[in-house]
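Asker: Numbered according to this note's numbering, the sequence shown terminates at residue 52, and the numbering increases by one at each position without gaps.
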Amino acid sequence: MFEQNTFDSIKIGLASPEKIRQWSKGEVKKPETINYRTLKPEKEGLFCEKIFGPTKDWECHCGKYKRVRYKG
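In structure tokens form, the structure reads like this:
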């Protein structure tokens, strides 16, 4: 019924600074981090959803989209 994956070992390592720069995208334009009233990341701030992705799965910051639109 369920497929079970078995692993003999797993290797985890630190990413190099060059690799992190390749992964990064976006730009911090304001020094603010989190709004103290809503506890949401500030737009264009250090924890902006444009840089790190949405805080909730399948939901945008404005609240317009709240479910899976296209699977796959």
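All C-beta atoms, glycine included, are put in the ideal place defined by N, C-alpha and C.
Do you know how far the Cα of tryptophan 38 is from the Cα of leucine 19?
Answerer: One C-alpha to the other measures close to 19 Å.
Asker: I need the boundaries of the alpha helix (DSSP H) containing isoleucine 31, first residue and last residue.
Answerer: Where isoleucine 31 is concerned, the enclosing alpha helix (DSSP H) stretches over 29 to 32.
Asker: Taking glutamate 12 as the reference, give the member of Glu(-17), Glu22 and Lys30 with the closest Cα.
Answerer: Here the closest residue by C-alpha is Glu22.
Asker: Considering Cα atoms alone, identify which of Lys51, Ser4 and Lys44 is closest to cysteine 28.
Answerer: Comparing Cα positions, the closest option is Ser4.
Asker: Quick check: what's the CA-CA separation for arginine 17 versus proline 34?
Answerer: Between arginine 17 and proline 34, the C-alpha separation is close to 18 Å.
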